[in-house]
Amino acid sequence: MLVENIMTTGITHVGPDDTVESLRDLLATAKYHHVPVVSETKLVGILSDRDLAKMLSPFLGTEEQSQKDLALLTKSVSDIMTTDLITVDRTTTVDFASILLLENSISCLPVVDVDNKLVGLLTWKDILRYHVYCEPMPAAEEIYSATRLGVPD
Amino acid sequence: MDTETDDAQLSLKTSPDKLEVMASVVPAKSSGKPLLAEQIVQALNDLGVPPARHRTIKINHLVASDEPMSAIVARGLRPVNGNAARFKSIFHTDNSHKPEAAEFNKINYFETKHYSAVEIDAPLMRRIPATEGFPGVNVLGQAIKSKPGKNLQFKRYKGSCVAPTDPDLLIAEIAGHPLPELQGVKVDNTLVVLKADLASGNIKFDGSVTVSGDVEPQVEIHATGDIFVKGTVENARLTAGHNIVIGGGVISETPPDTLAPPKITTHLQAGVDIHAMFLNQVEARAGNNISIQRYTLNCELHAGQQVLVGERGGKGAILGGRTTAALDITANIVGSTAYISSWLEVGDLVGLRASLAKPQQELDRRRHEAQQLADILAKLPPRKEQDKLGKLELNRADKIKAALVALEHRQSLLEAQCEQLAVTISAAQKAQIVVHKTLFPNTHVKINGAKHRQTTERRQTRFSGGSNGIIIE
Numbered sequence: 010m011l012v013e014n015i016m017t018t019g020i021t022h023v024g025p026d027d028t029v030e031s032l033r034d035l036l037a038t039a040k041y042h043h044v045p046v047v048s049e050t051k052l053v054g055i056l057s058d059r060d061l062a063k064m065l066s067p068f069l070g071t072e073e074q075s076q077k078d079l080a081l082l083t084k085s086v087s088d089i090m091t092t093d094l095i096t097v098d099r100t101t102t103v104d105f106a107s108i109l110l111l112e113n114s115i116s117c118l119p120v121v122d123v124d125n126k127l128v129g130l131l132t133w134k135d136i137l138r139y140h141v142y143c144e145p146m147p148a149a150e151e152i153y154s155a156t157r158l159g160v161p162d
Numbered sequence: 053m054d055t056e057t058d059d060a061q062l063s064l065k066t067s068p069d070k071l072e073v074m075a076s077v078v079p080a081k082s083s084g085k086p087l088l089a090e091q092i093v094q095a096l097n098d099l100g101v102p103p104a105r106h107r108t109i110k111i112n113h114l115v116a117s118d119e120p121m122s123a124i125v126a127r128g129l130r131p132v133n134g135n136a137a138r139f140k141s142i143f144h145t146d147n148s149h150k151p152e153a154a155e156f157n158k159i160n161y162f163e164t165k166h167y168s169a170v171e172i173d174a175p176l177m178r179r180i181p182a183t184e185g186f187p188g189v190n191v192l193g194q195a196i197k198s199k200p201g202k203n204l205q206f207k208r209y210k211g212s213c214v215a216p217t218d219p220d221l222l223i224a225e226i227a228g229h230p231l232p233e234l235q236g237v238k239v240d241n242t243l244v245v246l247k248a249d250l251a252s253g254n255i256k257f258d259g260s261v262t263v264s265g266d267v268e269p270q271v272e273i274h275a276t277g278d279i280f281v282k283g284t285v286e287n288a289r290l291t292a293g294h295n296i297v298i299g300g301g302v303i304s305e306t307p308p309d310t311l312a313p314p315k316i317t318t319h320l321q322a323g324v325d326i327h328a329m330f331l332n333q334v335e336a337r338a339g340n341n342i343s344i345q346r347y348t349l350n351c352e353l354h355a356g357q358q359v360l361v362g363e364r365g366g367k368g369a370i371l372g373g374r375t376t377a378a379l380d381i382t383a384n385i386v387g388s389t390a391y392i393s394s395w396l397e398v399g400d401l402v403g404l405r406a407s408l409a410k411p412q413q414e415l416d417r418r419r420h421e422a423q424q425l426a427d428i429l430a431k432l433p434p435r436k437e438q439d440k441l442g443k444l445e446l447n448r449a450d451k452i453k454a455a456l457v458a459l460e461h462r463q464s465l466l467e468a469q470c471e472q473l474a475v476t477i478s479a480a481q482k483a484q485i486v487v488h489k490t491l492f493p494n495t496h497v498k499i500n501g502a503k504h505r506q507t508t509e510r511r512q513t514r515f516s517g518g519s520n521g522i523i524i525e
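Chain order of the listed sequences is A and B. By the count of the numbering used here, the first sequence reaches residue 162 at its end, each step adding exactly one. By the count of the numbering used here, the second sequence reaches residue 525 at its end, each step adding exactly one.
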């Protein structure tokens, strides 16, 4: 199975000059956890809601927020994005992509073309959905067979 | 060796790979001591170079020279690396024919393509094992190991297996139609139908299909292997992963109104070659070659390599339509006395180079991925707790290795594809159109972008050249 068959397309992305505040607002309502950063059609970075949570002050929006906390919101996305990217292309196999995710302890792979243009995003959830919902279901007796359950004979 | 300025001076330098010793000599001035061959030999001995590696002739040249001179005075033997394993198809069929070169060194592919079948256990392919090469020796007399050739193995394809008694022989596991691949042979199941018509319905088959009679209108046949039709094909669509071979002619729907404009309703698409007796208003696309015995009339033909129309005994006419090929178009006659417009195009280097870019880019990507996996494997810690999932033991290394093997397999396919395209691009620079008998006016020729319109009738003609203009001979 190739990545292009299961990746998510039509990805919302931000630009490197967008502010952290606009990114925070985007992620506050979004159902996804990763936002690629695209400059002139090329992928230049990626950010997750975890990255954002790590850099923002927990006092933001509370009475204890300081000017310093607020200043963080005016920073550019390029100041906090991950630029050391691990990517795949459309014709990468799902097996290979899965190994990349597991062995690099990441949860999302941007899918790019030969010009480094973003064409999609592959997350661990996409791969799980593929294995659970797309692969043929074994027969009931096989599911509960001793071998499959890891029970010694 | 004397360091006095008037005496001859000698310096020796061993190459980093220890395969050569270079001596540089500055001859003695008039009052100085000359250099003797024995001194060079002694210096070499001091370096540990055995006499067998000394080059006596060069040593003598050096001592005889009046000018400063450098020469290699000792030389080792470079190792000869081994060759990678090779694969040779060896299956035979009763009706196989050896192709013969016709005029202009063109091969008549039509003669070579016949339906073939093998029985169970028939030998299919022989593996010629990799060679070890020959070891070398450095100037110190130490052996240098040769790099053995890559020991490629048969790839597993449906219907074939390695012979139990000979690991270098591939045999048929089932009776069927053999399709050679780079490192193995696929033996297709074969579906035989008397006719392809309403009774048979459309045919979609994972294997090869033989139609003993005709293919009737509106039937579609899709086979992953070859399609053989012993009769004719009318108003149908045939798609084959390998070859399409049609004993009779191929025509489109006959319009009920004779004044109605002709319409192409028959389509042939083959991954490798297409062969037929004649084509009348047909679209045909072949990955490699299209060879037609008698004529093509108002057809759209596109061949990845050659279009050959006409063989001995066949009229061999291209009458109208558009015929394109990456390398050559060869016909006996092009056009007609009615000056029908015929468009012929060969070359298209731009298109070919663009088509090479895609597999090349994927190959680069797969190589990068293989490197990523190799890096992951190298960093993988020895098996311990982290290699467990609950009560189950995870075999991470084995899985990564399996993914690496899959990547290497894909790489070898892409490399073969790129090599094939590179050969085609090289050949396309010599693309030509050859008309053995008559070329009629109103024939439009395009070779690697250069255009020519024929306005007079000619006999035997060859068009070649390209972007700098077309050469007509």
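For every residue, glycine included, the Cβ atom is placed at its ideal position computed from N, Cα and C.
Name the two residues that bound the continuous beta strand (DSSP E) containing residue i.
i, result
"A/F105", "That residue, A/F105, is in no beta strand (DSSP E); its alpha helix (DSSP H) goes 103 to 112."
"B/M74", "72 to 78"
"B/S212", "212 to 214"
"B/E335", "334 to 338"
"B/E352", "342 to 355"
"B/D380", "380 to 386"
"B/H488", "484 to 491"
"B/A224", "221 to 224"
"B/S394", "394 to 398"
"B/H496", "495 to 499"
"B/Q61", "61 to 66"
"B/G128", "First-last for B/G128: undefined, no H or E at that position."
"A/P119", "117 to 121"
"A/V128", "127 to 132"
"B/L204", "Looking at the DSSP string, B/L204 is not in any beta strand (DSSP E), and its letter there is neither H nor E."
"B/K443", "Counting along the chain, B/K443 falls outside any beta strand (DSSP E), and DSSP gives it neither H nor E."
"B/K256", "255 to 257"
"B/K247", "Counting along the chain, B/K247 falls outside any beta strand (DSSP E), and DSSP gives it neither H nor E."
"B/I172", "No beta strand (DSSP E) holds B/I172; DSSP gives it neither H nor E."
"A/T3", "For residue 3 of chain A there is no data in the structure shown, the boundaries of chain A being 10 and 162."
Check the DSSP bridge columns for residue i and list the partner residues they point to.
i, result
"B/R289", "B/E272, B/H319"
"B/I111", "None, per the DSSP bridge assignment."
"B/V237", "B/P232"
"A/T18", "Per DSSP, none; premise fails for A/T18."
"B/F330", "B/G301, B/Y347"
"B/Q194", "Partner(s): none; B/Q194 has no beta bridge."
"B/Q358", "B/D380"
"B/I180", "B/R138"
"B/R514", "B/V486"
"B/K503", "B/K498"
"B/I523", "B/S516"
"B/T284", "Note: B/T284 sits in no beta bridge, so no partner."
"B/T375", "B/L353, B/L396"
"B/V8", "Chain B is shown from 53 up to 525; residue 8 of chain B falls before or after that span and cannot be answered."
Could you pull the start and end residues of the alpha helix (DSSP H) that residue i belongs to?
i, result
"A/C143", "Here A/C143 belongs to no alpha helix (DSSP H), and DSSP marks it neither H nor E."
"A/N14", "12 to 15"
"B/T476", "448 to 480"
"B/Q413", "401 to 431"
"B/E90", "89 to 99"
Hey, residue i and residue j are a contact pair by Cβ (cut 8 Å); roughly how many whole angstroms apart?
i, j, result
"A/T102", "A/M10", "7 Å"
"B/I485", "B/L396", "5 Å"
"B/L425", "B/A455", "6 Å"
"B/A182", "B/P200", "6 Å"
"B/S198", "B/L176", "The pair is not a contact, with the Cβ atoms about 31 Å apart (cut-off 8 Å)."
"B/L114", "B/I92", "7 Å"
"B/V125", "B/A75", "4 Å"
"B/H327", "B/V297", "5 Å"
"B/A483", "B/I499", "6 Å"
Cβ-heavy atom distance between residue i and the ligand GTP below 7 Å?
i, result
"A/V53", "The ligand GTP is absent from the structure shown, which contains no ligands of any kind."
Please compile the residues from chain D whose C-beta is within a distance smaller than 7 Å of the C-beta of residue i.
i, result
"B/I381", "Looking at the structure shown, chain D is missing, and the protein chains on hand are A and B."
**Q.** Complete runs of the beta strand (DSSP E) confined to the region 20 to 92 of chain A [at least 3 residues]
**A.** Runs found: 43 to 48, 51 to 57.
**Q.** Residues from the region 113 to 135 of chain A in contact with chain B, defined by Cβ distance under 7 Å
**A.** Going along the region 113 to 135 of chain A in chain order, one finds V123 with a Cβ nearer than 7 Å to chain B.
Q.
At a CB distance below 7 Å, what residues from the region 238 to 252 of chain B approach chain A? Give them in sequence order.
A. Listed by position along the chain: nothing, the set is empty.
Q) Can you list, in chain order, the residues of the region 464 to 481 of chain B whose Cβ is nearer than 7 Å to any Cβ on chain A? A) Identification of residues in the region 464 to 481 of chain B having a C-beta nearer than 7 Å to some C-beta of chain A yields an empty set.
**Q.** Members of the region 35 to 62 of chain A that neighbour chain B once the beta carbon cut-off is set at 7 Å
**A.** Taking 7 Å as the Cβ-Cβ cut-off against chain B, none of the residues of the region 35 to 62 of chain A qualify.
Q) Going along the region 85 to 105 of chain A in order, which residues come within less than 9 Å of chain B, judged by CB to CB distance? A) Residues of the region 85 to 105 of chain A with a C-beta atom less than 9 Å from some C-beta of chain B are I95, V97, D98, T100, T101, T102, D104, F105, listed in chain order.
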